[in-house]
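The working numbering puts the first residue of the sequence shown at 185, with every later residue one more than the last.
Worksheet: the structure to be examined is printed underneath.
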Amino acid sequence: MSHLLRRHAPITDAAWKEIDDEGRRQLVAALAARKLVEFDGPLGWDHSARNLGRTDELGDLPVAGVSAKQRRVLPLVELRAPFSVQRGELLAADRGASDIDLGELGRAARQVARAENIAVFHGWAAAGIVGVTESSPHAPVTLSGDYARYPSDVARAVKVLLDAGVQGPYGLALGPEEDTGGVETTEHGGILVFDHLGQILGGPIVWAPGVQGAVVVSQRGGDFHFESGEDIAIGYDHHDGELVHLYVEESFTFHVDTPEAGIALRAT
Numbered sequence: 185m186s187h188l189l190r191r192h193a194p195i196t197d198a199a200w201k202e203i204d205d206e207g208r209r210q211l212v213a214a215l216a217a218r219k220l221v222e223f224d225g226p227l228g229w230d231h232s233a234r235n236l237g238r239t240d241e242l243g244d245l246p247v248a249g250v251s252a253k254q255r256r257v258l259p260l261v262e263l264r265a266p267f268s269v270q271r272g273e274l275l276a277a278d279r280g281a282s283d284i285d286l287g288e289l290g291r292a293a294r295q296v297a298r299a300e301n302i303a304v305f306h307g308w309a310a311a312g313i314v315g316v317t318e319s320s321p322h323a324p325v326t327l328s329g330d331y332a333r334y335p336s337d338v339a340r341a342v343k344v345l346l347d348a349g350v351q352g353p354y355g356l357a358l359g360p361e362e363d364t365g366g367v368e369t370t371e372h373g374g375i376l377v378f379d380h381l382g383q384i385l386g387g388p389i390v391w392a393p394g395v396q397g398a399v400v401v402s403q404r405g406g407d408f409h410f411e412s413g414e415d416i417a418i419g420y421d422h423h424d425g426e427l428v429h430l431y432v433e434e435s436f437t438f439h440v441d442t443p444e445a446g447i448a449l450r451a452t
């Protein structure tokens, strides 16, 4: 039996399909980090740590005349966001309603996506995760307040990576404010900002909730690893007469193999 306990929920297959489809719709756009780094997995709920291939010497030995080393690992973190669904909405889904209220699911899905993006790009100390911008040895590039100048700012970031011997193509994660600014600049008759950025980068540009400023990362491969235990899934917690209590869950960690392959861009 799956630890998600979905079979114990008072939810029919048709209603589960509506829930899963809505969760997927909410997550596709917001899961920015995994679009720009290598995704390893999913390796299963029982997968607990990433092997780092390194060791630490142990000094307090139980027997004289021996030596010992302890292997280093990076434990996976379990991330969960709860939400509830009205039982009446689930009954409506079984009758074929196409407008059931799953607003809380959208909120929970976006919370998980945002937490994942922050962990990858900016780190999560409590989980032992060092993010792209934390590990980068490069001084951040200053973002101009003029969104039409973003291509020049990104070009400077790309040049820093090239000077460090990091080849492209490159991807760009844009924080919500920066993404909106670029869109509005284009809509108001300015330079086609995103087209110009695409030519400079040669790789994807993604909207990244949780990111502060922007981040440029190499897409050559082998530099950044997102390790998934259980990929994002929806599980059952409990229910009462009015509500079914569910959750969005995943387990993951992230490791930077090449710190110089990423650079932050920060607004003044």
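Built from N, CA and C at the ideal position, the CB exists for glycine as well.
Taking Phe223 as reference, the option from Ala448, Leu245, Leu449, Ser435 with the minimal CA-CA separation is Ser435.
By the Cβ neighbour-count rule, Ser412 is buried, with 16 or more other Cβ atoms within 10 Å of its own. Collapsing the DSSP output to three states places Pro335 in a helix. Boundaries of the beta strand (DSSP E) around Ala398: 398-402.
Linking Glu361 to His192 through their CA atoms gives a straight-line distance of about 42 Å. Lys219 has its alpha-carbon roughly 18 Å from the corresponding atom of Val314. Counting C-beta pairs closer than 8 Å gives three or more between the segment 227-237 and the segment 254-268, which meets the contact rule.
Per the C-alpha coordinates, the member of Asp285, Glu273, Val401, Thr437 positioned closest to Thr196 is Glu273. The beta carbon of Asp415 is closer than 8 Å to those of Gly225, Pro226, Glu434 in its chain, skipping five residues each way along the sequence. Pairing Arg238 with His439 gives a Cβ-Cβ distance that is not under 7 Å.
With respect to Ala448, Val395 sits apart: the two C-beta atoms are not nearer than 7 Å. In this structure, Pro324 keeps its C-beta atom at 7 Å or more from the C-beta atom of Ile384. Here the C-alpha atom of Ile302 lies approximately 46 Å from the C-alpha atom of Ala248.
Here the alpha carbons of Asp407 and Pro393 stand approximately 22 Å from one another. In terms of CA proximity to Ala297, Ala213 leads the group Ala213, Ala309, Arg190.
The Cβ atoms of Leu211 and Ala293 sit closer than 7 Å to each other. Out of Val350, Val342, Val377, Arg291, the CA that lies nearest to the CA of Arg333 is found in Val377.
Here Glu202 is buried, its C-beta having at least 16 other C-beta atoms within 10 Å.
Classified as buried, Gly307 has 16 or more neighbouring CB atoms from the shown chains inside 10 Å of its CB. Within a 10 Å sphere around the beta-carbon of Thr317 sit 16 or more other beta-carbons, which makes this residue buried. Looking at His422, Thr442, Ser328, Val342, the one whose alpha-carbon comes closest to that of Arg271 is His422. At a Cβ-Cβ threshold of 7 Å, Gly387 and Tyr354 count as neighbours.
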